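Notes follow once the structure below has been shown.
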Amino acid sequence: MNNFIVGYGETLTTKVDIGGGGGDKKHPYSISDAIKRISSQLEEIIVKIENKPASECAGGKVVIKFIQHPSYLAKSYYPRKLFSAYGMKDIGSRAVTVKPEKWGIEKHPEAGLASCVFVSGEKNQYRAFLTDLVSNSLTRASEDILRTLERVEYFDAAEKIKNIDTSGESLNLEVVIHASAADEYVVRAFNDYASLNGGAVRREKAKVVGGLTFLPVSIPHGKEQALAKFSQLRVLRSMPKLRMNKPDTLRSPVSNPVTLPNWNPGILNRDFKVCIFDGGLGEGNHISNWVTEIVPEGMEGSHPEYLAHGSEVCSAYLFGPAVGSDCTLGSPYTTVDIVRVISQSDNDPDLFDVLTRIEDTLKLKVYKYINLSLGPNIAIDDDEVHVWTSVIDALLQDGDCLAVVAVGNDGDLPGDYGRVQPPSDMVNSLSVGASDGELEGWARAPYSCMGPGRSPGVVKPDGVIFGGAPHNLFRVYSPRIHSFIDTMGTSYAAPYALRVAAGIDAITDFNLSTNTVKALMVHAAKSDEHDLKDVGWGRFPTSPESIITCLDDEATIIFQGELENSKHLRIPVPLPASTDSTWVHLSATFCISAIVDPEHPLHYTRSGLEISFRANEDRFTMEGANADTKPFFSLGKLYPSEYELREDAHKWETTLSRHQRFKRSTLQSPVFDVKYHAREQGGIISEDLPAIRYTLILTIRAEGDNNIYNKILQENQTLQAINVRTRVEIKS
């Protein structure tokens, strides 16, 4: 008899009060040193901007950069109050690497990660700030913030320009402006300025997310330098092309006869809806019983290659890859909708149009699961969040929909060119790469894009699943030709992973949140000692059935609940006192959804978790009401040393997963104490945030104690094994 995973772990949790700590801050610079250094730098900048033309400055405002010392990354040191004291406004930030003049501590690295804050102000406001600096007239609060600054710099046009493709009659650019929905005057000013330089701004296609506006712009060759002088312009780059699969991807027909699974609507779960955004399905396919195609208004047909791709992505979701000599296809768990987001006129698809079609559908809040096997063909940029990531991540931040996203097929390119591609860097998604097999000896498929992602969101891909490789191709059923095709790509790995994720939900009679399904996928992933940057948390299982069952000497428990801002929740590890084992393995995966601030990549997530593990309730090394803590999720344990991350990076991740082994004698009523902490646009939150939903998947494995599962259920009466729907045959 199978032991199914256990639900209602949240009934064991309690709220606890835990005091804060921390000593006095050792400041690198005295206040007098800070005044001298910053006033000199600011004076140079004011001379530079004094004659900046009004046409380059929306509303008469100029953007400059205030760079903090690496020691001041915590939200409590965010310098917003200094700027507001002079009427200036912080409008965004990014991470920079800084070699400070002083550290204020004996042991320190040569360089450190720091926050570069973009500030918008009028010229006379900067002059007023300088006057108070040189006359020593700052308030005490402003002095305290001033000493956190390492330097002030001019925001030069050259550093705003990235990845310019000079082919074509003119430059087709993707431009990012510091302008929120309330800053229409900035967009108008930019439109006028672009026109002065012979450019055309497609304002009707603008995307506004948080404090950023993304715009498509065409401009003559050689005018990008002039365009970048517009003060509120943050970055410009050539418009990337749309990726699906590489044009030269191997596609080999297979002559085996096709036998589709029987159409049996009674076994399909219809409690939730699934959607694929792709090239469409078209008429004359053989899967219309399971698939409904949605064609947005105004679409002008489609291209045969797009229809083939869309239909095969649907097939990979419904059936998985064909296996065995008889090419057996799996039975679908649900039906699926496909939204055609590429039209026939999109021979070189306009990414803003494709994104709009996806955005319009997501705003309807119809789907619990979606698949994206397409996106911009460009590697992620640590400094900037792409428009696709910004728009879609914001639509997923309520946690009601899980997006499964292909990471891209350029992993064989050198260096950073092979990193994951937008929007697979979203923190509120499950990003999927491809493995070259499912058996022992598997590895990342050579084309599958690699990590790391941006921090927060540094573990990307979240995991891999079979997507084919030159020596072991993915055999997909192609519905438009009613035949099998041997091929490969993350385009097929992503829907295969979605089949497993949605399948977990489909075969269980339990209220699973999307965070819980994502956490279950991550929790079940096996890295088999592959590098984090190659495979993320590891290779996902290929069947939902294997994820919802426990081995004889283990129990997996689902905790689903809410966390209040700045409050602690105690989550017990229900290890029975009678556990008969020398070694106990604990595997824990936490997952939350987070509101995002795309204008602050370094502070991208507003929500994070501070997790303390207390292994032994009787072990105290100092006075206090709580037992000693032991590292469980820490930066050094989670990420390789070559990752350049802030010291508290793990506290702002939306997903954390780790396995540890303990001697049974060292565990005495162990607990996790979890605190939800929040920030807003890099700084302290301006108002109370509502509680957030969390998931913890906890596996307790006691080597050799095959009664551990029953002991846990017997000692904790509120826990229950989840129910499994009768359509599923669980194989032992």
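Numbering (this note's numbering), first residue to last: 5 to 736. Don't be surprised by glycine CBs; every beta carbon is placed ideally from N, CA and C. Here the structure is a predicted model, which is why all the values come from computation and not from measurement.
query	result
Taking contact to mean at least 3 C-beta pairs separated by less than 8 Å, is the segment 628-637 in contact with the segment 558-566?	no
So, does the segment 363-382 touch the segment 406-420, judging by three or more C-beta pairs under 8 Å?	yes
When you compare each of Val239, Glu297, Gln425 to Asp387 by their alpha carbons, which one comes out closest?	Val239
Quick one: grab the DSSP three-state call for Cys120.	strand
Tell me which same chain residues have a C-beta within less than 6 Å of the C-beta of Ser315, skipping the five on either side of it?	Leu285, Asn289, Pro483, Arg484
Give every residue of the same chain whose Cβ lies closer than 6 Å to the Cβ of Thr18, excluding the five residues on either side of it in the sequence, and list them in chain order.	Arg574
Counting only the same chain and skipping the five closest in sequence on each side, list residues whose C-beta sits under 6 Å from that of Ala183.	Val190, Val191, Thr217
Looking at Ile469 and Ile511, is the spacing between their C-beta atoms short of 9 Å?	no
Taking three-plus beta-carbon pairs below 8 Å as touching, is the segment 219-236 in contact with the segment 197-206?	yes
Output the boundary residues of the beta strand (DSSP E) element that contains Tyr698.	696-706
Going by DSSP, what residues sit across from Arg247 in a beta bridge?	Gly379
Between Pro244 and the rest of its own chain, which residues show a CB-CB distance below 6 Å, the 5 nearest in sequence each way excluded?	Pro380, Asn381, Ile382
Pop quiz: Gly116 and Pro74 are said to be a contact at Cβ under 8 Å. What is the actual Cβ separation, rounded to whole angstroms?	3 Å
Grouping DSSP H, G and I as helix and E and B as strand, with all else coil, what is Ile1?	Outside the shown range of the chain (5 to 736) lies residue 1, about which nothing can therefore be said.
Roughly how many angstroms lie between the CA atoms of Ala145 and Lys85, to the nearest whole one?	8 Å
What do you reckon, are the CB atoms on Pro674 and Glu614 nearer than 9 Å?	no
Mind pulling the alpha helix (DSSP H) runs of 4 or more residues that sit fully within the segment 534-603?	536-539, 548-551
Check whether the segment 426-441 and the segment 449-467 are in contact - that is, three or more C-beta pairs closer than 8 Å.	yes
Which whole-angstrom value is the C-beta distance of Leu359 and Trp392, which I expect to be below 8 Å?	6 Å
Less than 8 Å between the CB of His307 and some heavy atom of the ligand ZN, yes or no?	This structure lacks the ligand ZN; in fact it carries no ligand of any kind.
If you drop the 5 nearest sequence neighbours on each side, which residues of the same chain put their C-beta closer than 8 Å to that of Ser256?	Leu477, Ile489, Asp490, Thr491
I need the straight-line Cα distance from Arg448 to Glu14, nearest angstrom please.	36 Å
Among the residues of its own chain, which have a CB less than 8 Å from the CB of Ile53, if the five just before and after it don't count?	Val66, Ile68, Lys127, Tyr130, Tyr158
Drop a sphere of 10 angstroms on the beta-carbon of Ile291, count the other beta-carbons inside from all chains shown, and report buried for 16 or more, exposed for fewer.	buried
Look up Asp94 in the DSSP assignment and say whether it is helix, strand or coil.	strand
State the start and end residues of the unbroken alpha helix (DSSP H) segment that holds His313.	308-323
According to DSSP, simplified to helix, strand and coil, what is Pro500?	Per the sequence presented here, residue 500 reads as Tyr, with Pro not at that position. Looking at Tyr500 - three-state DSSP - the assignment turns out to be helix.
Can you tell me which residues form a DSSP beta bridge with Thr512?	Val728
How is the alpha helix (DSSP H) around Ala38 delimited, first residue to last?	35-53
In this structure, how does DSSP classify Pro74 when only helix, strand and coil are distinguished?	helix
Nearest by alpha-carbon distance to Arg665: which of Ala230, Gly172, Ala619, Tyr698 is it?	Ala619
What distance in whole Å lies between the Cβ atoms of Trp107 and Pro32, which are believed to be in contact at a cut-off of 8 Å?	6 Å
Verify whether the separation of the beta carbon atoms of Val389 and Tyr608 is less than 9 Å.	yes
Give a yes or no on whether the C-beta atoms belonging to Lys367 and Asp404 are separated by under 9 Å.	no
Using the three-state DSSP reduction, which class does Trp267 fall into: helix, strand or coil?	coil
Who are the near neighbours of Phe356 in its chain, counting only those whose CB is closer than 6 Å to its CB and skipping five residues on each side?	Lys209, Pro220
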